[in-house]
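Trainee:
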Amino acid sequence: MEYFKKIYLDYKHQVYFFVKKFISNMEDVEDVVQEIFVHLWKHSSSLKNPQTLEAIIFKTAQQEVANFYRKNKMIFSFSDESLIKDEADSEKNDAEFKEEQLRKIQNLLEELPERSTTFFYKNKLEKISYSQIAKENNISKTAVEKQVTKVVRYIKANLNLF
295 MEYFKKIYLD YKHQVYFFVK KFISNMEDVE DVVQEIFVHL WKHSSSLKNP QTLEAIIFKT
355 AQQEVANFYR KNKMIFSFSD ESLIKDEADS EKNDAEFKEE QLRKIQNLLE ELPERSTTFF
415 YKNKLEKISY SQIAKENNIS KTAVEKQVTK VVRYIKANLN LF
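Heads up, the sequence shown is in our numbering, so the first residue is 295 and it goes up one at a time.
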């Protein structure tokens with residue numbers, strides 16, 4: 295109960311403003327936000343992993359906004375390029391998009407120096423702190439931070455060029 299309360303307090307505003315981007319009527323926004331947190335409460339066992347928490351919350355928000363439009367027989371698009379037809383298509387498209395993005399990121403990472411990508415993997419995927427990476431490599435924490443930041447910037451700058 296306390297864990298869910300913390301999640302609610304941490305994310306209620308972010309979820310509200312996320313939903314507000316897609317629904318203009320304030321009462322409808324509040325109803326959808328309530329549905330999101332009810333859904334999360336019902337499936338609170340899946341919220342235990344802090345690494346996937348935010349993704350689950352906002353995926354649930356997307357689904358509830360789509361449900362709102364479906365219930366009201368309205369056409370809605372989360373992006374300019376694709377309409378959400380049903381959850382199955384949406385999940386399939388999301389999976390394909392994620393796989394494509396991961397391939398692009400992998401290709402970009404192969405273009406960078408091995409040391410930088412190693413620091414990036416350790417920090418972002420293995421969740422090892424800058425301090426720990428610095429200690430393992432006998433360099434400063436700032437040097438590690440700069441290399442990881444450069445990798446992130448490079449990926450962001452070049453991801454849409456494919």
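Where is the CB? At the ideal position from N, CA and C, for every residue including glycine.
Quick caveat: nothing in here was measured; it's all calculated off a predicted structure.
Tell me, to the nearest whole angstrom, how far the beta carbon of E408 is from that of Y424; I am working on the premise that it is less than 8 Å.
Mentor: Contact doesn't hold; Cβ gap of about 18 Å is too wide.
Trainee: Return the CA-CA distance between F414 and F311, expressed in angstroms with no decimal places.
Mentor: F414 and F311: Cα-Cα distance of roughly 31 Å.
Trainee: Considering H307, what are the terminal residues of the alpha helix (DSSP H) in which it resides?
Mentor: Per DSSP, H307 belongs to the alpha helix (DSSP H) from 296-314.
Trainee: Give the secondary structure of V438 by DSSP, where H, G and I count as helix, E and B as strand, and everything else as coil.
Mentor: V438: helix per DSSP, three-state reduction.
Trainee: Would the stretch 341-348 and the stretch 311-327 be scored as touching if the rule is three or more Cβ pairs under 8 Å?
Mentor: The stretch 341-348 is not in contact with the stretch 311-327.
Trainee: Quick one: what does DSSP say K379 is sitting in, helix, strand or coil?
Mentor: Any reading at K379 is ruled out, since the residue's pLDDT is 44, under 50, leaving its predicted position unreliable.
Trainee: Inspect the beta-carbon positions of A355 and I330 and report whether they are closer than 7 Å.
Mentor: Their beta carbons are under 7 Å apart, which means A355 touches I330 by this criterion.
Trainee: Could you spell out the range, first to last residue, of the alpha helix (DSSP H) harbouring N431?
Mentor: N431 -> alpha helix (DSSP H) spans 424-431.
Trainee: Considering L334, what are the terminal residues of the alpha helix (DSSP H) in which it resides?
Mentor: Looking at the DSSP string, the run of the alpha helix (DSSP H) that includes L334 is 320-336.
Trainee: Helix, strand or coil for E358? Go by DSSP, reduced to three states.
Mentor: Reduced to three states, the DSSP call for E358 is helix.
Trainee: Tell me the DSSP secondary structure of N401 in three-state form.
Mentor: Helix, per DSSP.
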